[in-house]
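Peer 1: The structure follows.
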Amino acid sequence: MMREQVVQGRAAASDLLALRGVGKVFSNGVTALSDVGLTIREGDFLSLLGPSGCGKSTALRLIAGLSTPTSGVLDWRGGGSLDRANIGFVFQEPTLLPWASVFDNVWLPLRLKGISRANAASAVNEMLARVHLTGFENAVPRELSGGMKMRVSIARAMVTKPRVLLMDEPFAALDEITRFKLNNDLLELWQDERFTVVFVTHSVFESVFLSNRVVVMAARPGRVFDELAIEASYSRDEAFRTSPDYAALCRQASDVLVNAINSTAGSHHDGH
Amino acid sequence: MTVIDGTLKLDPEEARRVRQERLERIGRWVLPLAIMILAIWLWDRICVWNEIPRYILPRPGVVLSTLYNDAGLLFSALLVTLRITFLSLLLAVVGGVGLAVLFAQSKWVEMSFFPFAIVLQVTPIVAIFPLINIYVDNQTTKLLLCAWIVAFFPILSNTTLGLNSVDRNLRDLFKLNGATRWQQLRYLRLPAAMPYFLGGLKIAGGLSLIGAVVAEFVAGSTGQSSGLASRIIEAGYRLNAPRLFAALFLISLTGILIFLVLSLISHLILRRWHESALKQER
């Protein structure tokens, strides 16, 4: 389905990362990923959509370099591996240091690079302003709501100005109203900064709302099932969320996902 | 969170809860105090009713006056015991945390050496002391070593547990940001271990006092120590029960104070972020 599509309003972008024949087998014998081929282009907002157990989080960890593939290669810009400094990662939970203030949490990646508090202050404060947390610098995580914690987590991932932002179901645990708000803010940030996003989700609606490409995955073994180009223009806002176009795209994505799930159900007789 | 002023109308259920909370707040202090006073009064009465001689069981008033009259002797002895207690606690902290950090560097190190720490812990100190007595000449060193062996284990075991209980995602985050081993320890594992360490410290505080007193007791027969324990032994030989009680009172008071101070320290460090130090809010 429309694999090599140039998304409207965006120039044909250069390839950033190609996964070629990537497989991952865990030591317990589970094949998490099998023969995954995927090209991520500079500036993409790419969602990995699929049922649980389809290996989308494993794929993200491979891209992050937190895990190595059993087979196949990850080809960064046609050779070599990307410097980790160019990757930001947002986990499913906010994953903040509970003893540290909001400022210190966002400072952390810079601190680990040896940048002092004073030298980091402008970058940290700017990032906190971008996620609408100015004034909460001295709060500790437990004093924040779930949505605010996630904002801190995003600010921390973005404070190093990474070229790639990897997000592992970051908003899955939030209520819908908060999730919508964070979706909007994330898109705004992405449009301003033009980084590349790989976004793992099991929500059709979220993936369609955010992405220019939705890669649907199937389980057992985890593999790429199909890809959809979401050709709606940015900026997407609340009007887009209620538009017929959005509904149609969601339906299209939903159908593909159902096929992906059925393809799994058909191939699994192991009776669990 | 609700501000309760005169104008706020509470329904019966809420009013009952407010009353209940107020009662509990008062009861927490008043009840133990009342029981304590009752017990002391009963102690006094038993002495009077049964005409028990003071060298068997002195009346509370006698103990108190002994505490006052023998203050010079008792408090200088207390100082000696306190010195051993705090020095050994300090060494237990340094040794316990140091070993825990070493163990945290490698699973292999931990697997190899942790059993030795357990052996040291489970062997009664009184049984080890005669050996220490043979190998160590210096009296203070003897007592310190003894108290240290008793006190360091809770710190070691708790801190080791804490250093190993770091959230997996946080570990990944540090890895992604290229953190060195030292940075991971300094910014992640040590702070994460803090509540566990403080829990161990509270136990070790009491144990170091026990260790110091027990060591003095065992050394007492051979030694020239002058801590509270030797005062107790001495008073026992002389059937000086009032002084014995006074010394005992000082030791338990010291234990309580150590516990309270360590609890306060723990509360001050953890109050902003750790579950254990947070007030329930509903």
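Line by line, the protein sequences give chains A and B. Here the first sequence is numbered in this note's numbering, starting from 1 and rising by one per residue. Here the second sequence is numbered in this note's numbering, starting from 273 and rising by one per residue. Glycine included, C-beta positions come from ideal geometry on N, C-alpha and C.
1) So which residues of chain B does residue 64(A) contact, with C-beta pairs closer than 7 angstroms?
2) Is the region 504–521 of chain B in contact with the region 444–456 of chain B, if contact means three or more CB pairs nearer than 8 angstroms?
3) Express the C-alpha separation of residue 471(B) and residue 235(A) in angstroms, rounding to a whole number.
4) Using a 10 Å radius around the Cβ and a threshold of 16 neighbouring Cβ atoms, would you call residue 403(B) buried or exposed?
5) Cβ closer than 7 angstroms: which chain A residues qualify as neighbours of residue 451(B)?
6) Quick one: Cα of residue 126(A) to Cα of residue 101(A), how far?
7) To the nearest angstrom, report how far apart residue 322(B) and residue 339(B) are at their CA atoms.
8) Closest Cβ-Cβ distance between residue 17(A) and chain B: below 9 angstroms?
9) Whole-angstrom Cβ separation of residue 424(B) and residue 465(B), contact assumed at under 8 angstroms?
10) Does the CB of residue 545(B) have a neighbour CB from chain A at under 9 angstroms?
11) Determine the chain B residues that contact residue 95(A) at a beta-carbon separation under 7 angstroms, and present them in chain order.
12) Which residues does DSSP list as the beta-bridge partners of residue 24(A)?
13) Residues bridged to residue 88(A) by DSSP?
14) Are there 16 or more other CB atoms within 10 angstroms of the CB of residue 104(A), so buried, or fewer, so exposed?
15) Using DSSP bridges, identify the partner residues of residue 227(A).
16) Mapping DSSP to helix, strand and coil, what is residue 103(A)?
17) Measuring alpha carbon to alpha carbon, tell me which residue in 306(B), 329(B), 352(B) and 526(B) is nearest residue 517(B).
18) Would you identify the three-state DSSP class for residue 4(A), choosing helix, strand or coil?
19) According to DSSP, is residue 190(A) helix, strand or coil?
20) Is there contact between the region 345–358 of chain B and the region 427–438 of chain B, where contact requires at least three CB pairs shorter than 8 angstroms?
21) Please state whether DSSP places residue 510(B) in a helix, a strand or coil.
22) Just grab the DSSP bridge partners of residue 41(A) for me.
23) Ignore the nearest five residues each way along the sequence and tell me which others in residue 1(A)'s own chain have a CB closer than 7 angstroms to its CB.
24) If we count the other Cβ atoms within 10 Å of its Cβ and call it buried at 16 or more, is residue 468(B) buried or exposed?
25) Do residue 149(A) and residue 195(A) have their CB atoms nearer than 9 angstroms?
26) Please list, in chain order, all residues of the same chain as residue 327(B) whose beta carbon is under 7 angstroms from its beta carbon, the five residues on each side excluded.
27) Quick one: residues in its chain with C-beta nearer than 8 angstroms to the C-beta of residue 239(A), no 5 flanking neighbours on either side, listed in chain order?
28) Quick one: list the residues of chain B neighbouring residue 170(A), beta-carbon separation under 8 angstroms, in chain order.
29) For residue 16(A) versus residue 72(A), is the C-beta distance shorter than 9 angstroms?
30) For my contact list, residue 211(A) and residue 45(A) are in at a C-beta cut-off of 8 angstroms; report their separation, rounded to the angstrom.
31) What did DSSP end up calling residue 367(B) once you bin it into helix, strand or coil?
32) Across which residues does DSSP place residue 75(A) in a beta bridge pair?
33) Are at least three pairs of beta-carbons, each pair with one atom in the region 391–398 of chain B and one in the region 411–431 of chain B, less than 8 angstroms apart?
34) Can you name, in chain order, every residue of its own chain whose Cβ lies under 6 angstroms from the Cβ of residue 260(A), other than the five neighbours on each side?
35) Between the Cα of residue 484(B) and those of 533(B), 398(B) and 316(B), spot the shortest distance and give me the residue it belongs to.
36) Classify residue 232(A): buried if its beta carbon has 16 or more other beta carbons within 10 angstroms, exposed otherwise.
Peer 2: The relevant details are as follows:
1) 448
2) no
3) 53 angstroms
4) exposed
5) 112
6) 16 angstroms
7) 24 angstroms
8) no
9) With a Cβ gap of about 16 angstroms, residue 424(B) and residue 465(B) do not count as contacting.
10) yes
11) 439, 441, 442 and 445
12) 33(A)
13) 165(A)
14) buried
15) 215(A)
16) helix
17) 329(B)
18) Bear in mind that the predicted position of residue 4(A) carries a pLDDT of just 38, short of 50, making it too unreliable to give a figure here.
19) helix
20) no
21) coil
22) 15(A)
23) Residue placement at residue 1(A) cannot be trusted, given a pLDDT of 38 that sits under 50; the coordinates are not used to answer.
24) buried
25) no
26) 511 and 513
27) none
28) Within chain B, no residue comes near residue 170(A); the closest Cβ sits about 12 angstroms away, beyond 8 angstroms.
29) no
30) 5 angstroms
31) helix
32) 18(A)
33) yes
34) 216, 218 and 225
35) 398(B)
36) buried
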